[in-house]
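Asks: Questions regarding the structure given below will be posed in turn.
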Amino acid sequence: MADMGNISKTTILLAEDDENDVMLIKRAFSKSHVINPIACVKNGEEAVAYLSGEGQYADRLRYPLPFMMLLDLKLPRLSGHEVLSWLRAQQGLRRLPVVVLTSSREPADINRAYELGANSYLVKPVVFEEFSTLLKQLQVYWLMLSEHPELH
Amino acid sequence: MSVTDIKLVSAARSTGWRWRPLSMVSLSARGGYPGFVVMSLWLVLTIVSIWWPLGDNGLIPQGPGFTWNRWDWYLGHTLLVMHFYLPWTISVCLVMWLGFEWGAVVAYLATLFSTLYKDMPPQIAVGNALHNPLAMATFFLFYCNYKGDYTLRSPKSWGWFALASLAAAFVSSLGSFISEFTGTALVGGGDLLVAWLEWVPNAFLLSMLTCAPFILLLSPSIERAKQRYLGRALPANPYSPRELVLAASMFAITLVLFLLVDDQWISRRASTLLKLRLPQGVEKVIQSEIETQRVAIWVLALMLAAICLGGVFFTSRWAHRLRMRFDSETREARSALRRSEANFRNFFENNPAPMLLYDRDTGEYVDVNQAAVERYGYTRSEFLERTVFDIRPPEDVPKVKAAMRAPDYRAADYRHTGEWRHVTKSGELIYVDVRVSALTIDNRALNLVLVYDVSPRKQAQVAVERRARELQSLAASSLEIAGAKTVDGILQACAERARELSGAKIAIARCEPQHLQSSVADEYQAWRAPGRLPDTEAIWRVLLNKRFPQRVTVEEVKNHRLYPEFAARYGRMPIGAVLAVPLTRSDSELVGALIVADKGPGDFDAEDESILVQLAQNASVGIESVLLREALETHMEELEHRVVERTAELDAFAYSVAHDLRAPLRAMHGFADAVREDYAGALDDAGRDFLTRIIKSAKNMDTLIQDLLAYSRIGREKAELTAVPLSEIVQDSLADLQHEIASRGARVEVSVPPLTVWAHKATLKQVVVNLVSNALKFTAPGTTPQIRIWAVALQGRVELCVRDNGIGIAPEHRERIFKVFERLHGSETYPGTGIGLSIVKKGLASMQGEISIESDGHGSTFHANLKEYRDG
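Quick mapping for you: the protein sequence lines, in order, are chains E and P.
Each residue of the first sequence is one higher than the one before, counting from 357 in this note's numbering.
Each residue of the second sequence is one higher than the one before, counting from 817 in this note's numbering.
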C-alpha cells in the first residue's frame, strides 16, 4: 500500500475531452518539467469510474488514485460540475484537490464550481506560453508546496 | 247614529244627576253627609236647648215675653205658626224645589226656639224639639218617593202633597201625646189617643195652608233657579191657567176646611178650660185670649188667602211672560242647536279627512265619519266596539298610554300631537298626522281627532332614504368589487351586498364554470354550507334561456309543481320569493347569475330588480376585468418563461462560443507555437512569418470572442447595484492595465477624490478599463499617450472623466463609436474589436449611468456619469 500511496501521490488525473487540449496540456507540463504521470479520461462518466475504481479502473496499479484532478467543465455525458458534485459527496475522495481548467470565463460557471468545492479555477489561455506558465505555477503550488490530504 | 244619539248614549253611560232629598232622613240609604250633619247638629243643639232654660243661667235674655204661659201655649196658634209651620214651609221649599238640603236647618233651628221659654216643662220642650224634624222626615218619606212633579200642577201631585202633610201632622202631634202620657197636659183626660188625634186635623190643614202658597208662589222662580244653577233642563213649564185654577181651588178648599176645623177646635179647648176651676182673673184672661186667637186665626187665614191670591195672580202673569220667554228661548236654543248640530254633522260627516271621536278617559270610540270608515276598513259599529288602542301596532300602545297620562293631554283644548302609526282592519300600517280638539258633550269629555294620512309622504320619504342607502351600498359594492382580486371575492361581495340591498335572507352569486358564493342570514345558518344551499341549476337554465331578470313571487313559488319536492329536500327552509339577475359579459354573453331568495312574506319589487341589475353589472365588469387580468398574468408568465428559456439558450450559446470556439483557437495557437519552437530550423523566413500570422490571428480572434462574451454578459445579467468606491476601482483598473501602460510609455495622471457611486463593481471596472485602454490606443503615431483621469460630484451624480491626447473624434462619429463592431480605423492602424466602447455604454446604462464625449484636435474627453451613493 505504501507503494501505491507513493504512486497515488504523483498521479494527476486530467479530465478533458479535447484531444488537442490534452496534447497541449501534456506538452505544457513537459515544457514546465512536470514529470508526474498524467492519467486522462475523456468524459465525466469515465472520470467517475476512474475515481471510484470501477471497471477497467479497478486496477489501481495501472490507474492509481490521483493526488489532484484537472477538470474541464464541458465534458460529455457528465459535466465537470456534476463530476465535482459527485466527488464531494464521496466519503473517501471528497478531499481530492480539484483544479477546474476550462475555457469558460462565465461568472455563473465560476461561482458554481467554487460552490461545489473546486479548489481552484483556471481559464485555459489561448497563448501557449501563458499556458505553460500556468501549469508550472500549478505544479509548484499543488505538487511541491501543498500538503496532501489522505484519500482512500 | 247622529249627534243626538250620541248625547243619549252619553247620558246613559254617565251617571246622571238624580235629586234625592230622601237622604235627609235615610242616612244609610245614601250616606249623604248633609242629612247626617244636619241631624247630628240638630240633636246636639236640641239637648243643649232643652237643658238650657232649666238651669236659668241668665245667658239667654228671658224677658216677660219669653216666659212660658201654659194658657197661652194651650191656645197659642200664633206661636205654633211662628215656631213650626212657617220655618217648616221654608225648609220644604228649599229642600224640595231647590234641592238645597241645608235648607232643612231653618226648620230645625226654628224648633229649637220653641224650647227656650222660661219655666217650660221639659216634657213640653222635648215634644216641641221633636215636632219639626219628625214632621219633615215623615213628609219627605212620603212625598219624595212620588216620582211625578212636585209643583202642585196635577191632582195627583196635590194628592201626594196632602197625604204627606197628613202623615207629617200625625207625627208632629206626638207632642200632645207625650204631654198627656207624662201628666203634664194642661187639661188631662187620660185619653191619650184622643189627645193626640185632637191635634192632627189642625196640623194637617195648617201645614198644607202654609206650604201651598209658597210652593205656588215660588215655583217659577224655583224652576229658573234650578235651571240656572244646576244646569238641568226640566220637563216643567210655568203653570198653565188650568193648573193655577186647580191650585187655587185646592187651596180654597183647604182654607175653608181649616177655618171650620180650627174654630171648632178653639171652642172646644175654651169650653174645656172654662169647665176647670181656675184662679180669679185667669178666666177673664182666657176669655180675651180666645177672642184674640179667633181674630188671629182669621187674620192669618185671610193673610194666607191674600198671599195665595196675590201669588196666583202674580204667577199667572209672570208665568205667562216666562212661558213666552221660555218658549222662544227654547225654540231658539233648539234651532240653534239644530243648526250647530247640522253644521257639525256636515263638517264631521263630509270631511274628506278621517275624523274620530272618542272618550278622553277610556279611549272608546263614540263616533267616526265616513272617511274614517273608508280609510280604516272598520264599519261604524265595529269602530264603536273598539278603543284608540285597537288601531295601533301593538308596539306603539305603551307610547299612546304614556301620551294619555301626560299632563298636557287634559290641559289643552287643541293639540297637534304629531305623527303616529295606525293599523287598518286589513293590517296595513299607515302613518298619520293627528290633530286633537277637546269637546264636552253631555258632560262627557271627548276628543275629536282629525287624521291626516301622511303615508304617501312617508312612503316617499322611506323610498328616498332607501334609495340613498342603496346608492351608498352600491357605491361601496363597486369599491369592494374593484378591490377584489379574484372572481370568488367579487361573487362573495356581490352576494353580501345583494342580500343587504334586497332584504333577502339568501343570496347566491355564481359564475360559470364553477364559482359559487353565497350570503345567508343568521337564522338560516344551518344552510350556509355549500352543499346545503338551494340548487340554482334550474334558475340558471331559465336565465340562460330567457336572458333577462326573473322575478318569482311567493305565490308562484308555492304553486310551482316542483315546490313539494323542493320543500321535502330542503326541509323547513322557507324559500319565499325569488329574484334572479344574469351576470353578463361586455359581449352580452351570460357568465353567471345573482340570485336572491326569501324576503320573508314579501315579494321582490321592480326597485329590487333594478338595483340588483346594477349590482350585477358592476360584478360582471369586475369579473371580466379579473378574468382579463388573470389571462394577462398567465400570458406574462408565459412570456417571462420564454424569456428565461431564451436567456438560457443564449447563455448556452455564449458558453459554447466561449468554450467551443476558443478550443480550436487554442489548438491553432498552441500547435503553431509548437511548430515554431520545435521545428523553427526546418522553416525558412516566409514559413516562420506564416506561423507568426497564424498565431496573431488566433490571438485576435480570442480577444474578439472574449469581448463579445463580455458585451453579452452585461446585457444578460441584471446588475445588482451597491456602493462602490470610485477611486479604488480606478486604481484596480490601472493596475490591470499596468503592462499596457508601461509598454506604451503612457503618462497617466489621476485625481479622483474619495467618492462612492451606485454601481456593479465588475461592470464598473470593465468600463474604466475600456475607457483607459481606449485612451491609450488612439494616440497619433509617435505621440506619447497622456491620460488624465478625474472625477467631480454634481447634484447627486458623479462624473468620471478620462482625457487623452489622442486623435480625437469627429462630431459625426460620436454616436457611432458606441455601436458594436463600429470601427473608425483599420485594424492595421488601431487594432481592436470595436466592442470596447459599446461595453462602456451598455455597462453604464445598466448602472443608470450614461456616457458623453467631448473632442477636438488635441484629444477627447469621455464623461462617465453615475449616481452618487450617500449614506442614509
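Note that the Cβ used here is the ideal one computed from N, Cα and C, for glycine as well.
Check whether the Cβ atoms of L431 (chain E) and A384 (chain E) sit closer than 8 Å, and answer yes or no.
Replies: Cβ distance not < 8 Å, so L431 (chain E) and A384 (chain E) don't count as in contact.
Asks: Can you check whether the C-beta of K398 (chain E) is within less than 8 Å of a C-beta belonging to chain P?
Replies: For K398 (chain E), the answer is no, since every Cβ of chain P falls outside 8 Å of its Cβ.
Asks: Would R1237 (chain P) pass as a contact of D1212 (chain P) if the rule is Cβ separation under 8 Å?
Replies: Against a cut-off of 8 Å, the Cβ pair of D1212 (chain P) and R1237 (chain P) comes out as a contact.
Asks: Cβ closer than 8 Å: which chain P residues qualify as neighbours of R383 (chain E)?
Replies: Ordered by position in chain P, the residues that pass the 8 Å Cβ test against R383 (chain E) are G1486 and A1490.
Asks: Applying the 10 Å Cβ sphere with the 16-neighbour rule, what's the burial state of I1324 (chain P)?
Replies: When all chains shown are included, I1324 (chain P) counts as buried.
Asks: Consider the Cβ of R1462 (chain P): report whether some Cβ of chain E lies at a distance smaller than 8 Å.
Replies: Taking Cβ atoms only, chain E never reaches closer than 8 Å to R1462 (chain P), which makes this a no.
Asks: Report the rounded CA-to-CA distance for E1180 (chain P) versus Y1225 (chain P), giving the unit in angstroms.
Replies: So the two alpha carbons sit approximately 16 Å from each other.
Asks: Taking Cβ-Cβ distances shorter than 9 Å, what residues in chain E pair up with R1509 (chain P)?
Replies: Neighbours of R1509 (chain P) on chain E: none; closest Cβ ~15 Å, over 9 Å.
Asks: For the segment 458 to 492 of chain E, which residues have a beta carbon sitting closer than 9 Å to at least one beta carbon of chain P?
Replies: If the cut-off is 9 Å between Cβ atoms, the segment 458 to 492 of chain E has T458, S459, S460, R461, E462, P463, A464, D465, K480, P481, V482, V483, F484, E485 and F487 near chain P.
Asks: Where does the unbroken alpha helix (DSSP H) through P481 (chain E) begin, and where does it stop?
Replies: It is not in any alpha helix (DSSP H) - P481 (chain E) carries neither H nor E in the DSSP assignment.
Asks: Counting pairs of Cβ atoms below 8 Å between the segment 1657 to 1668 of chain P and the segment 1514 to 1532 of chain P, do you hit three or more?
Replies: Yes, they touch.
Asks: What in chain E is Cβ-close to K1515 (chain P), meaning under 8 Å?
Replies: Residues of chain E passing the Cβ test: V482 and V483.
Asks: Are the segment 1570 to 1589 of chain P and the segment 1622 to 1641 of chain P in contact at 8 Å, needing three or more beta carbon pairs?
Replies: With a cut-off of 8 Å, the segment 1622 to 1641 of chain P and the segment 1570 to 1589 of chain P do not count as touching, because too few Cβ pairs lie within range.
Asks: If you reduce the DSSP assignment to three classes, tell me which class V1270 (chain P) lands in.
Replies: Coil.
Asks: Starting from T1233 (chain P) and walking both ways along the beta strand (DSSP E), at which residues does that stretch end?
Replies: Where T1233 (chain P) is concerned, the enclosing beta strand (DSSP E) stretches over Y1230 to V1239.
Asks: Just by C-beta distance, which residues in the segment 403 to 416 of chain E are closer than 8 Å to chain P?
Replies: The segment 403 to 416 of chain E vs chain P, Cβ under 8 Å: nothing.
Asks: Hey, quick one: how far does the beta strand (DSSP E) through E1565 (chain P) stretch, first residue to last?
Replies: Here the beta strand (DSSP E) through E1565 (chain P) covers R1563 to S1567.
Asks: Quick check on Q1522 (chain P): does DSSP put it in helix, strand or coil?
Replies: The answer is helix: DSSP assigns Q1522 (chain P) an H, G or I state.
Asks: Assuming R1775 (chain P) is part of the alpha helix (DSSP H), what are its boundary residues?
Replies: Nothing can be reported for residue 1775 (chain P), as the shown portion of chain P is limited to 817 through 1688.
Asks: Just list the beta strand (DSSP E) runs in the segment 419 to 454 of chain E, keeping only unbroken ones of 3 residues or longer that don't cross its boundaries, in chain order.
Replies: DSSP runs (the beta strand (DSSP E)) wholly in the segment 419 to 454 of chain E: 424 to 427.
Asks: Select from P:D1505, P:Y1685 and P:Y1230 the residue whose C-alpha is nearest the C-alpha of A1254 (chain P).
Replies: Closest by alpha carbon: P:Y1230.
Asks: Of all the CB atoms in chain P, is at least one closer than 8 Å to the CB of N392 (chain E)?
Replies: N392 (chain E) does not count as touching chain P.
Asks: Taking C-beta pairs closer than 9 Å, name the residues in chain P that L426 (chain E) reaches, listed in chain order.
Replies: Neighbours of L426 (chain E) on chain P: none; closest Cβ ~15 Å, over 9 Å.
Asks: Could you work out which residues of chain E lie near L1481 (chain P), taking near to mean beta carbons separated by less than 7 Å?
Replies: By Cβ distance, chain E contributes V482.
Asks: So, does the CB of D1518 (chain P) fall closer than 8 Å to a CB anywhere in chain E?
Replies: Chain E contact via Cβ: present.
Asks: Only counting the same chain, and skipping five residues up and downstream in sequence, which positions put a Cβ closer than 7 Å to that of L1477 (chain P)?
Replies: Cβ neighbours of L1477 (chain P) beyond the five flanking positions: I1521.
Asks: What are the uninterrupted segments assigned as beta strand (DSSP E) that are 3 or more residues long and contained completely in the segment 1562 to 1615 of chain P, given in chain order?
Replies: The segment 1562 to 1615 of chain P contains these whole beta strand (DSSP E) runs: 1563 to 1567, 1572 to 1575 and 1602 to 1610.
Asks: Is the Cβ of L1524 (chain P) closer than 8 Å to any Cβ of chain E?
Replies: Not an interface residue.
Asks: State yes or no: is the beta carbon of R1504 (chain P) nearer than 8 Å to at least one beta carbon in chain E?
Replies: So, not an interface residue.
Asks: Using the Cα positions of L1050 (chain P) and A1019 (chain P), report the straight-line distance between them to the nearest angstrom.
Replies: Below a pLDDT of 50, predicted positions are generally treated as unreliable, and L1050 (chain P), at 45, falls in that range; no measurement from the model is reported.
Asks: Determine the chain E residues that contact R1478 (chain P) at a beta-carbon separation under 7 Å, and present them in chain order.
Replies: The answer, in chain order, is S459 and V482.
Asks: Excluding the 5 residues flanking S1668 (chain P) on each side, which residues of the same chain have their C-beta closer than 6 Å to its C-beta?
Replies: So the list reads H1679, once near-sequence residues are dropped.
Asks: Got a sec, what are the start and stop residues for the alpha helix (DSSP H) N1361 (chain P) sits in?
Replies: Here the alpha helix (DSSP H) through N1361 (chain P) covers E1353 to K1362.
Asks: Let me confirm a value: K1042 (chain P) is counted as buried when at least 16 other C-beta atoms fall within 10 Å, else exposed. Which label applies?
Replies: Confidence at K1042 (chain P) is low in this model, with a pLDDT of 49, below 50, so its placement is unreliable and the value that follows should be read with caution. K1042 (chain P) is buried by the Cβ-count criterion.
Asks: The beta strand (DSSP E) with I368 (chain E) in it runs from where to where?
Replies: Note, I368 (chain E): beta strand (DSSP E), I368 to A371.
Asks: One question on the structure: do T367 (chain E) and P422 (chain E) come within less than 8 Å of each other, judged by their Cβ atoms?
Replies: Closer than 8 Å, so yes.
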